[in-house]
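> My questions all concern the structure below.
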Amino acid sequence: MTIAIGDHGHYSAIRDWHLGDVDRRDLRPASADGLSRTGRWMHETALRDGQDALADGITYPFGQAECPRCASVFTIADEYASSNRPVM
0 MTIAIGDHGH YSAIRDWHLG DVDRRDLRPA SADGLSRTGR WMHETALRDG QDALADGITY
60 PFGQAECPRC ASVFTIADEY ASSNRPVM
């Protein structure tokens, strides 16, 4: 599964070598008011600097995605942090 956030959309999908991203599911962005700590700082900095598209994009990694295979919904940032946690 891949998470895409950018000019081509905001979605989760199965990445196929020949077909590209298939079975796309729209991401569910976090509300700007619901962002905490780093997300809020990043969003506020982008807005302050007139980077509205970036500010909008920042809400997606802190939002939710749906797995195209099993339809489970998860928080993108939490899953990323869990997958990239140092081995203890």
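Heads up: the sequence shown begins at 0 in numbering that gives the first Met the number 0, then just goes up one per residue.
Glycine included, every Cβ here is placed at the ideal spot set by N, Cα and C.
#1: Starting from the Cα of I4, find the closest Cα among H17, I13, L26, V21 and give me that residue.
#2: Can you find a heavy atom of the ligand GDP that lies under 6 Å from the Cβ of M41?
#3: Return helix, strand or coil for H9, following the three-state DSSP convention.
#4: On the CB-based measure, 16 or more other CB atoms within 10 Å of its CB, does T44 come out buried or exposed?
#5: Looking at the secondary structure, which residues open and close the alpha helix (DSSP H) in which R39 lies?
For this structure:
#1: Ranked by Cα distance from I4, the first of H17, I13, L26, V21 is L26.
#2: Within the structure as shown, the ligand GDP is missing, as the structure has no ligands at all.
#3: Strand at H9.
#4: Exposed, because fewer than 16 other Cβ atoms sit within 10 Å of the Cβ of T44.
#5: Per DSSP, R39 belongs to the alpha helix (DSSP H) from 36 to 47.
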